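**Q** When the letters of the sequence shown are read in order and numbered with the working numbering, they come out as residues -2 to 601. Before we start, here is the structure in question, set down as structure tokens.
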Amino acid sequence: MTISLLDSSPKFDLRFQLRGPQPVNDRIVLVYLSKEDWMGLSGEGRNLLHSLKDTAPQSDSFYWNPWVWERLMRTLLRAEPSAVAVSFFFPMGSIGLPFFDENLKALFDPRVMWAARLDNDGRAILPAFSANYGHNSGLIDFFADEDRTIRRFASPLVQIPHLAVRLAALFSHNAENGRLTWLAGETRIINFFGANDTFPSIRASDLIRNQAQALQLLKGRMVILGSRDLEGHLYVTPTGTLTRAELLANVTENILSNRWIYYPSIWILALYLLIIVALVVSILLIYPQAVAFVMTVWLSIGVAVLSFWSFDRFQTWLPLSAALGMVGVTYLLFLGYQLTQQENLNWRLEEEKRYIQEIEQLKNNFVSLFSHDLKTPIAKIQAICDRLMLAASPSPDVQNGLVALRRESSELHRYIQSILRVSRIESADFKINKEPSDVNELIFAVCQQLRPLADARHIRLDTNLEPIFAIEIDPTLIQEVILNLVENGIKYSPDKATVLISSREVGDQVIVTVTDTGPGIPTSEQSRIFEKFYRSPSQNSTKGSGLGLYLVKYFVELHGGRVFVRSHVSQGTRIGFALPLHEVEQTISQPKVFENERIASLDR
Ligand code: ADP
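Encoded structure:
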């Protein structure tokens, strides 16, 4: 708004130049009178020229000779124009003495209009051929901006209207008694149709030579007589230097077709800028930053196009600099605001994360401390149980109780062991120690270890092991992984079932699978079984901590490997892992989110 308000004289000049010449109605024809024409007109003219000693004509008075004008007018009027406006100014009284003379009849013809001017006090100076209180005369004054360029047309508040208004009144439907009253006192921005010669023009000499074609051109038209070479007849305008006749023609055409440049009022301008602000803000609110930037650029292009288009099509000036400034300022301010908001949010999230991490740490510390402290009393309970069982043979009831107590306390001990292991691996100083190891050997060791457990329920442990090269792994961790998987296989299988452990090399991976014929895992749960503490709700009768598979996934991923599961309810489960044959660079991190991977080779 400030830009618009400060820019009191918006520069349309560039717009006019970019727009190029516009088509004009050919109801106006210009007739140019040159020094040579004047010479050719009469002896008087020639004499005058001689008296001026061939110097270039300086002012309109060079052409002052009523009798020559009479001849010229008679020739012109013979072509039957609707009006003839003379843009040369011959002030009354100052030169010669034109009293009404029968021989000067053509000069007072009602179709002929003579130029009048304003003096320094703003009073009209009537022309020498003024008749009927100036009814055949019109002002030819134009008011320039500070840079001496004519951009506006102001019809002064004097009794004599402007020559352009007089001419237009002849053709306009709005004219009352041949006069246009609405324009008096108003200032309009002239819609320039082009540079000189946009309006058709002919040389006066062609007329004098009575050229039929030239005379034909004037029939029924408005004729403006002017000069191309008199200095006072040249005006600087946005479309270049125009002659007075051309300028008069431009203004007349503006009045007739009402095609002035429309400059919106301050309120419409405010509304326009407000819409732009709203658009930029909504773009920034709806779209992500990068998209918003591109859209804002497009909006700026759109604003520029709209501005040029409205000027071209509707002669309406929509300020461009203010609009683009508005887009830029709104974008920057709002983006700044958004960034501050974003930063605020990030800071709060960061704080929350830190808080949650602290709580998690406290919880882990508590659990591990608690578990650690439980280890000793459990060991004592187990030792007492063992001692009591070996002591003097108790009754069967007591014996059974002791066995149950021993089993439960072992279970509790294992549970605590798992929790402590998780705490240890989640601590920052956990390291894996890799060495070349044979996976088949680890499987073999696990089978040895779990055979008593399997035998107790008459479960067969079958192996199908392909010879595999030693690979770089932490044997303790991978043995733990295999142990957990086989233990689950035994745990979830019915009595007398078979658990199959197989190993093979596929591509650049070593794949180990454990297959059982247990209850299977529902598809909906398959993606969750590797989560910490997750236990299937359907497996309540089986004891467990929900940490086994979490550790499996954690350890396998530490080695750059992947876990997978394929299971159908009441058909069994095939669960396993793939380790890369060659060492993969990895860091110790939290396990990645589990993806239910299906390895094509498993289906073979
Ligand atoms: P848990 O100590 O409960 O066995 P795990 O992490 O080893 O904990 O296993 C998580 C869950 O996955 C188990 O509660 C069980 O529901 C399911 N699960 C794991 N292995 C098998 C399997 N071989 N057959 C059926 N369900 C299994």
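Every residue gets a Cβ at the ideal spot worked out from N, C-alpha and C, and that includes glycine. Nothing here was measured: the structure is a model prediction, and the numbers come from that model.
Relative to the alpha-carbon of glutamine 568, which residue among Ile518, Ala388, Gln335, Ile470 has its alpha-carbon at the smallest distance?
**A** Of the candidates Ile518, Ala388, Gln335, Ile470, the one whose C-alpha sits nearest the C-alpha of glutamine 568 is Ile518.
**Q** Would you mind reading off the limits of the alpha helix (DSSP H) that contains asparagine 343?
**A** Where asparagine 343 is concerned, the enclosing alpha helix (DSSP H) stretches over 317 to 387.
**Q** Considering only residues of the same chain and omitting the five flanking positions on each side of asparagine 430, which have a CB-CB separation below 7 angstroms?
**A** Contacts found: Asp471.
**Q** From the DSSP output, read off the bridge partner residues of valine 509.
**A** For valine 509, which the question treats as bridged, DSSP gives the partners Ser500, Phe574.
**Q** Does DSSP classify glutamine 312 as helix, strand or coil?
**A** If DSSP states are grouped into helix, strand and coil, glutamine 312 belongs with coil.
**Q** In the DSSP assignment, find the alpha helix (DSSP H) that holds phenylalanine 13 and state where it starts and stops.
**A** It spans 10 to 16 - the alpha helix (DSSP H) in which phenylalanine 13 sits, taken as one unbroken run.
**Q** Measuring only from the beta carbon, is isoleucine 413 closer than 7 angstroms to any heavy atom that is part of the ligand ADP?
**A** Flag unset: Cβ of isoleucine 413 not near the ligand ADP.
**Q** My guess is that proline 235 and phenylalanine 189 are in contact by the Cβ rule of under 8 angstroms, so how many angstroms apart are they, rounded?
**A** That belief holds up - the Cβ atoms of proline 235 and phenylalanine 189 are roughly 6 angstroms apart, short of 8 angstroms.
**Q** With H, G and I counted as helix, E and B as strand and the rest as coil, what does DSSP make of lysine 50?
**A** Only weak support exists for where lysine 50 lies, its pLDDT of 46 falling under 50; the coordinates are left without a value.
**Q** Inspect the beta-carbon positions of isoleucine 147 and valine 233 and report whether they are closer than 8 angstroms.
**A** Yes. Within cutoff.
**Q** Output needed for serine 254: all residues of its chain with C-beta closer than 8 angstroms, excluding positions within five of it in sequence on either side, in chain order.
**A** Cβ within range, chain order: Asn22.
**Q** Any idea if glutamate 554 is buried or exposed, counting beta-carbon neighbours within 10 angstroms, 16 or more meaning buried?
**A** Buried is the call here.
**Q** Is the number of C-beta pairs between the segment 403 to 410 and the segment 520 to 531 that are closer than 8 angstroms three or more?
**A** Short answer: they don't touch.
**Q** So, with DSSP's three-state summary, where would you put tyrosine 259?
**A** Correct three-state label for tyrosine 259: strand.
**Q** Go ahead and label alanine 376 buried or exposed: buried means 16 or more other beta carbons lie within 10 angstroms of its beta carbon, across all protein chains shown.
**A** Label assigned to alanine 376: exposed.
**Q** For serine 127, does the three-state DSSP call read helix, strand or coil?
**A** Coil.
**Q** Determine, using beta carbons only, whether isoleucine 283 and valine 324 come nearer to each other than 8 angstroms.
**A** Contact: no.
**Q** Hey, could you find the ends of the beta strand (DSSP E) histidine 565 is sitting in?
**A** Taken as a continuous stretch (DSSP letters only), the beta strand (DSSP E) holding histidine 565 covers 559 to 565.
**Q** Is serine 521 a contact residue of the ligand ADP, with contact defined as CB to any heavy atom under 7 angstroms?
**A** Not so, every heavy atom of the ligand ADP lies at least 7 angstroms from the Cβ.
**Q** Are the segment 307 to 322 and the segment 363 to 380 touching by the rule of at least three beta carbon pairs closer than 8 angstroms?
**A** The answer is no - the segment 363 to 380 does not touch the segment 307 to 322, with fewer than three Cβ pairs under 8 angstroms.
**Q** Could you name each continuous alpha helix (DSSP H) segment of 4 residues or more that falls completely within the segment 410 to 455, going from the start of the chain to the end?
**A** Runs of the alpha helix (DSSP H) inside the segment 410 to 455: 436 to 453.
**Q** Tell whether a beta-carbon distance below 8 angstroms holds between valine 602 and threonine 327.
**A** Residue 602 is absent from the model: the chain starts at -2 and stops at 601.
**Q** Quick check: the Cα distance between serine 533 and glutamate 522, rounded to an integer number of angstroms?
**A** Using only the alpha carbons, I get a separation of about 7 angstroms.
**Q** Out of Asp203, Phe196, Leu154, which has the shortest C-alpha to C-alpha gap to aspartate 118?
**A** With distances taken between Cα atoms, aspartate 118 lies closest to Leu154.
**Q** What is the C-beta distance between tyrosine 489 and proline 516, in whole angstroms, given that I count them as a contact (C-beta under 8 angstroms)?
**A** With 8 angstroms as the limit, tyrosine 489 and proline 516 qualify as a contact, their Cβ atoms being about 6 angstroms apart.
**Q** What residue does the beta strand (DSSP E) around glutamate 469 start on, and which one ends it?
**A** That run of the beta strand (DSSP E) goes 468 to 470.
**Q** Compare the beta carbon distance of glycine 86 and alanine 112 with 8 angstroms and say whether it is the shorter of the two.
**A** Checking the displayed sequence, the identity of residue 86 turns out to be phenylalanine instead of glycine. Cβ distance < 8 angstroms, so phenylalanine 86 and alanine 112 count as in contact.
**Q** So the beta strand (DSSP E) glycine 223 belongs to, where does it begin and stop?
**A** Its beta strand (DSSP E) spans residues 219 to 223.
**Q** Quick check on this structure: which residue in Glu477, Ser415, Glu77 has the alpha carbon closest to the alpha carbon of glutamate 438?
**A** Of the candidates Glu477, Ser415, Glu77, the one whose C-alpha sits nearest the C-alpha of glutamate 438 is Glu477.
**Q** With DSSP as the reference, please indicate the residues paired to isoleucine 186 in a beta bridge.
**A** Isoleucine 186 is bridged to Arg149, Ile258.
**Q** Can at least three beta-carbon pairs, one atom from the segment 211 to 223 and one from the segment 74 to 86, be found at a separation below 8 angstroms?
**A** The segment 211 to 223 vs the segment 74 to 86: in contact.
**Q** Taking just the CA atoms, how far does glutamate 432 sit from isoleucine 451?
**A** The amino acid occupying residue 451 in the given sequence is alanine; isoleucine does not appear at that position. Alanine 451 and glutamate 432: Cα-Cα distance of roughly 30 angstroms.
**Q** Output needed for arginine 185: all residues of its chain with C-beta closer than 6 angstroms, excluding positions within five of it in sequence on either side, in chain order.
**A** So the list reads Phe150, Trp257, once near-sequence residues are dropped.
**Q** For isoleucine 378, which residues of its own chain have a beta-carbon under 8 angstroms away from its beta-carbon, when the five flanking residues on both sides are left out?
**A** Same-chain partners within the cutoff: Leu402, Ser406.
**Q** Which of the three DSSP states, helix, strand or coil, is assigned to threonine -1?
**A** Three-state result, threonine -1: helix.
**Q** Label arginine 206 either buried or exposed according to how many other C-beta atoms from any shown protein chain fall within 10 Å of its C-beta, with 16 as the threshold for buried.
**A** Exposed.
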